[in-house]
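Each remark here refers to the structure printed beneath this line.
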Amino acid sequence: MNEKVIENGKKVWFITGSSRGLGNSIARSALEDGNLVVATARNPEALEALVQKYGENVLPIALDVTKIEQVQAAISKTMEKFGRIDVVVNNAGYGNIGSIEETTYEDFRAQVETDLWGTINVTKEIIPIFRKQRSGHVIQISSIGGRKGGPGLGAYQVSKFGVEGLSEVLNTEASSFGVKVTIIEPGAIRTDWAGSSMVKHEVLDDYKNTVGALSDYLETHTGSEIGSPDKMADVIVEVTKATAPPLRLPLGTDAYAIALENDLGRIEELKKWKNFSESVSFD
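Throughout, our numbering is defined as the position within the sequence shown, counted from one, plus 1328.
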């Protein structure tokens, strides 16, 4: 199989959270592009449709990304079967809506454990392989909420801001030995992210116009989001073919608009307070 992979120019993709949503779309797009996919999910039975359609081009593996021993075992199985890994997609995660005040410590920890620590676990285990190969592409599924904070998503956005910081550092450390890093920042996607997979909290009256407004919006717009997970997946597959892929890539017209407004706003604020910033050096 190793020789076949290299001969045919196929890439081996390792994707977390492949059972549904964007992760499932990425797996399908990578397979349709002629690649080999290691599809992971907490419940491997949910991957059966992929196996039935794509056969031995799919290696389904049970994986809870918060369990380091499971991450190590999944990567070991991948290397045993394919001999290499070319693209890693850290996609596993979920949403959590509630004000910082109302989000319990337990929910904060659970969110960070999955969305941030899960990404750290997979990334740390894959980098030695990429370093030896002198090649590899790490795709981190963040969110436009990893670039700009907003009400009601504190635990989620803490995790995504962490993922973006991790990825920036990794890019500076690993690019010298051929490793590419791309942070994907989707806007609203038509998946069940804001539906059955989201943790929701009661909203205090003082947060009705901020957190409550977001919660109401998500409830009424779930299923009509502007972003297509299949189209996003196709873009991600194309990005892995680029010689110089972007470090950050907002996906969706909403995500692009938010990113642009946020970054221009930061520049304006930076200029406004320039005198304060430069006033603290020794004379």
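Where is the CB? At the ideal position from N, CA and C, for every residue including glycine.
Check, Outcome
"Buried/exposed call for Ile1554, threshold 16 Cβ in 10 Å", "exposed"
"Three-state secondary structure (DSSP) of Thr1406", "helix"
"Rounded C-alpha distance that separates Thr1550 from Thr1519", "8 angstroms"
"Given Ile1396 as reference, the closest of Glu1441, Leu1375, Gly1362 once Cα atoms are compared", "Glu1441"
"Candidates His1529, Val1491, Ser1543, Val1507: closest to Thr1568 by CA position", "Val1507"
"Secondary structure, alpha helix (DSSP H): runs of 4+ residues fully inside the stretch 1427 to 1469", "1433 to 1440, 1446 to 1461"
"For Ser1503 and Ala1661, the rounded distance between their alpha carbons", "Only positions 1329 to 1611 of the chain appear in the structure, and residue 1661 is not among them; the question remains open."
"Option nearest Gly1473 by Cα separation, candidates Phe1505, Pro1514, Arg1594", "Pro1514"
"Ser1346 and Ala1355 closer than 8 angstroms at C-beta", "yes"
"Buried or exposed by the 16-neighbour rule on C-beta atoms within 10 Å, applied to Val1488", "Note on identity: in this sequence residue 1488 is Lys, with Val being the wrong assignment. Under this definition Lys1488 is a buried residue."
"Proximal residues to Trp1341 (C-beta, below 6 angstroms), its chain only, five neighbours per side dropped", "Ala1358, Asn1363, Val1365, Val1415"
"Buried/exposed call for Asn1371, threshold 16 Cβ in 10 Å", "exposed"
"Residue environment, Ile1469, which counts as buried when at least 16 other CB atoms sit within 10 Å", "buried"
"Start-to-end residues for the alpha helix (DSSP H) that takes in Val1531", "First-last for Val1531: undefined, no H or E at that position."
"Counted within 10 angstroms of its Cβ, other Cβ atoms place Thr1406 as buried (16 or more) or exposed", "buried"
"Rounded separation between Glu1429 and Leu1387 - CA only", "42 angstroms"
"Opening and closing residue of the beta strand (DSSP E) in which Pro1578 lies", "1576 to 1579"
"Inter-residue Cα distance where the pair is Val1509 and Ser1471", "15 angstroms"
"Unbroken alpha helix (DSSP H) run spanning Leu1391, endpoints", "Segment: none, Leu1391 is in no alpha helix (DSSP H) and carries neither H nor E."
"Three-state secondary structure (DSSP) of Thr1510", "strand"
"Residue range of the unbroken alpha helix (DSSP H) whose run includes Thr1500", "1482 to 1502"
"Coil, strand or helix - Val1608 by DSSP", "coil"
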